[in-house]
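Participant: In the numbering used here, the protein residues as written are 52 to 246.
All residues carry an ideal CB built from backbone N, CA and C; glycine is no exception.
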Amino acid sequence: MNVNEDTDSRRLGATNKVCLYSIIATLGVLLVFALATIMVLVVQRTSVPAANGTAAYMRVSRAVNSSKLSLVEKGICEAIKCQSPELVIREQGLYLIFCNLNFHFPNCSKSPIDLKIELLVNDRVDRQTLSTFCASETCQDETFKTLIQLHLTHLDKEDKISVTLNHPEFLNDVSLPNENVLGVLKYSDGMGAAP
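#1: In or out: Tyr146 buried (at least 16 other Cβ within 10 Å) or exposed?
#2: Gly104 by DSSP, collapsed to three states: which one?
#3: Which residues in the same chain as Leu206 place their Cβ atom closer than 6 Å to its Cβ, once the five residues preceding and following it in sequence are excluded?
#4: Would you call the stretch 66 to 77 in contact with the stretch 194 to 210, where contact means no fewer than 3 C-beta pairs closer than 8 Å?
#5: Can you tell me whether Met90 is buried or exposed? The criterion is at least 16 other CB atoms within 10 Å of its CB, across all chains shown.
#6: Please name the residue or residues paired with Ile131 in a DSSP beta bridge.
#7: Just how far apart, CA to CA, sit Ile168 and Gly234?
#8: If we ignore side chains and look at the alpha-carbon of each, how far apart do Cys150 and Cys133 end up?
#9: Could you give the first and the last residue of the continuous beta strand (DSSP E) run that contains Lys237?
#10: Grab me the residues of Ile164's own chain with a C-beta within less than 8 Å of its C-beta, minus the 5 sequence neighbours each way, in chain order.
#11: Alpha carbons only, please: which of Ile74, Asp240, Ile148, Asn229 is nearest the one belonging to Val123?
#12: Find out if the Cβ-Cβ distance for the pair Lys119, Thr215 is shorter than 8 Å.
#13: Look up Cys185 in the DSSP assignment and say whether it is helix, strand or coil.
#14: For the candidate residues Ser135, His202, Arg110, whose alpha-carbon lies nearest to that of Lys125?
#15: Taking buried to mean at least 16 other C-beta atoms within 10 Å of its own C-beta, is Ser162 buried or exposed?
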């Protein structure tokens, strides 16, 4: 068999073309799939009825002699009763509860601090987060941290939502008081799957 450079490069060129066409075809199929997925999501989202503007976004601060944080008058309360230290649900449905808290550790020592945040529904722990700060490898003289907690759950009428901390003394309500919030957004009226 007599093979020269010209026939060898033609074979490589043909192989490269087949590979290129395969890649283009695969990308085309993936593009069609992505567009179909986006269309399905858009149709599902537009068919879900609005939740009638049920929401609360309230500032929280530490309470005297209590691990439960108190609500501050400053905030938004639409179709939810905001009475310190709890948010009271007026209509049952699926709700997103969120809590954003900022912490200040003025004298971060070498001993770790376990900080526990608990989201309570009717004074029962529904969701909790445990974070360790001031460990030796991350130790600085002064440390600032932010923790965010999200929880999607079904709530009934008159359910009460609150948040507790095991170390409320570290809550930074001096330099960032408006950034410590407890909020609730109504996602839908029922627990059923979206159509």
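Facilitator: On the basis of the data shown:
#1: Looking at its Cβ environment, which holds 16 or more other Cβ atoms inside 10 Å, Tyr146 is buried.
#2: Correct three-state label for Gly104: coil.
#3: Hits under 6 Å: Ile140, Tyr146.
#4: Touching, no, given that fewer than three Cβ pairs across the two stretches are closer than 8 Å.
#5: Flag for Met90 reads exposed.
#6: DSSP lists Ile140 as the bridge partner or partners of Ile131.
#7: Cα to Cα, Ile168 sits roughly 15 Å from Gly234.
#8: For Cys150 and Cys133, the distance between alpha carbons rounds to 15 Å.
#9: That run of the beta strand (DSSP E) goes 232 to 239.
#10: For Ile164, where only same-chain residues beyond five positions count, the Cβ hits under 8 Å are Phe156, Thr183, Phe184, Cys185, His218, Phe221.
#11: Of Ile74, Asp240, Ile148, Asn229, the residue nearest in Cα terms is Asn229.
#12: Yes, these two residues count as a Cβ contact at 8 Å.
#13: Note: Cys185 maps to coil in three-state DSSP.
#14: Comparing alpha-carbon positions, the option among Ser135, His202, Arg110 lying closest to Lys125 turns out to be Arg110.
#15: Burial check for Ser162: the Cβ neighbour count within 10 Å stays below 16, so the residue is exposed.
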